[in-house]
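Each remark here refers to the structure printed beneath this line.
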Amino acid sequence: MLHKFNAFLKDQNGATAIEYSIIASLVAAALVIGSGPLVSNLNRVLNAFAGYIGATAP
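Mapping the sequence shown onto my numbering, position 27 (from 1) lands on 28, and the numbers just tick up by one.
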C-alpha cells in the first residue's frame, strides 16, 4: 500500500492541466475584481460623450 501511495505522489500526469486551471482562475478573479472600476469609468466616459452629442444637436 505504501508503494502505491509513493507512486501516486510521484505521478505527474495531469499536473499541467491543474496548473493551467489555477492560472485561468486567477486571471478570471483579476478580471472580476478589476471590472468594477473599469465599468464605472467607461460609463462616465460614455455619458460625457452622449452629453457632447446632445449639446451639439440642432
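We treat Cβ as the ideally placed atom computed from N, Cα and C, and that holds for glycine.
Since this is a predicted model, take the numbers as computed values, not measurements.
| Query | Result |
| --- | --- |
| Straight-line gap, Ser-41 to Ile-54 (C-alpha atoms, nearest Å) | 20 Å |
| Pro-38: CB within 8 Å of a non-hydrogen atom of the ligand FMN | Ligands displayed in this structure: none; no statement on the ligand FMN is therefore possible. |
| Endpoints, the alpha helix (DSSP H) within which Asn-48 is located | 16 to 57 |
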